[in-house]
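Per mature numbering (1 follows the signal peptide of the UniProt record, and there is no 0), the sequence shown runs over residues -20 to -1, 1 to 224.
In this text, a Cβ means the ideal position worked out from N, Cα and C, and glycines have one as well.
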Amino acid sequence: MRAQFVGVVVLAMTGLSAQAVPLARQPLPHQVSCVVLPGQQVMVASSSPGIVRAVLVQRGQFVRKGQPLLRVGSEMESAQKRLAATKAEAARRKLQRFSEAIEQQLISELERDQLEAESRLAQQEFEIASRAVQQKTTLSPISGVVANRKVEPGQYVGTEPAFELASLDPLRVELVFKGKAFGTVRRGSKVNVMLGAPVQGVRQGTVTIVDRSLDARSGTFGVRILLPNPRLKIPSGVQCKAST
């Protein structure tokens, strides 16, 4: 909803201190009901099946994209990674100690090759152990809020969802208009979004999707508005009303 200004009024809830936008003075027809929704909703399953060793987030917590959510498996994988890291560091230091002798050709080529091979092998084993641990760790695919957590430590997880995540910036408002309004709302249009109790206030949103066809049964078409919510003060799930 960016280019033309469209008088769409959406009632939602928020305590936001964002900049208000004046409403059209004349009453707007075709009032419709709507709901403020998360911009994106994602169901996240464990990256690997197994016994949950640690759940790293709580319901309602904000998470960043790439943040660990869950670890499965036993302590063995982590112990193997630590052991491999120790061996890799020991091999690296050993090669470093003999580096001067290698440069001065005080040791044979065979001994040099063996030292270098030991160091490479130890590093490869560490990388394999690290990947094994990473595969047991589930990362968040988006930045957002943990809307629901469905697992606990000690529980077995497979392919079923373990978390429901919701992105709240921007928010999404889905509107349904009667066919006679078709052509009056355009993609990129700016809209007024009026937030109702307990927040009160008007924000500006943008039309991002306008259906190109009418629903054959109802004679209506859908419009999607994205509403910026940088401080996450506007909650989702709020009932609203819109007019055009």
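Shown here, R92 sits in a helix according to DSSP, grouped into three states. F78 and P141 have their C-alpha atoms roughly 52 Å apart.
A straight-line Cα-Cα distance of about 19 Å links V52 and L145. Counting C-beta pairs closer than 8 Å gives fewer than three between the segment 185 to 194 and the segment 212 to 223, which falls short of the contact rule. A residue is called buried once 16 or more other Cβ atoms fall within 10 Å of its Cβ, and N128, having fewer, is exposed. Taking a cut-off of 8 Å on C-beta distances, the segment 23 to 32 does not touch the segment 158 to 178, as fewer than three cross pairs fall below it.
In the displayed model, K61 falls within a helix according to three-state DSSP. Restricting attention to Q85, S147, A97, the CA atom closest to the CA of G124 is found in S147. If you look at A127, you'll find it in the beta strand (DSSP E) that goes 124 to 129.
Bridge partners of F42 according to DSSP: V125. Boundaries of the beta strand (DSSP E) around P141: 141 to 147. Here the alpha carbon of V43 sits roughly 19 Å from the alpha carbon of K116. For the 8 Å CB-CB criterion, L36 and L119 do not form a contact. The C-alpha of Q76 is placed about 26 Å away from the C-alpha of A59.
In this structure, DSSP gives Q219 an extended state, which the three-state scheme calls strand. DSSP places V165 in no beta strand (DSSP E); its state is neither H nor E. Assignment of R152 by DSSP, reduced to helix, strand and coil, places it in the strand class. Annotated three-state conformation of L75 is helix, per DSSP. Only buried fits A68, as 16 or more other CB atoms lie within 10 angstroms of its CB. Cα atoms of T188 and A71: separation of roughly 57 Å, rounded to the nearest angstrom.
For L50, the enclosing beta strand (DSSP E) stretches over residues 48 to 52.
Setting aside the 5 residues that flank it on each side, I87 is surrounded in the same chain by A81, each with a C-beta closer than 6 Å to its C-beta; the list follows chain order. DSSP places R204 inside the beta strand (DSSP E), whose first and last residues are 200 to 207.
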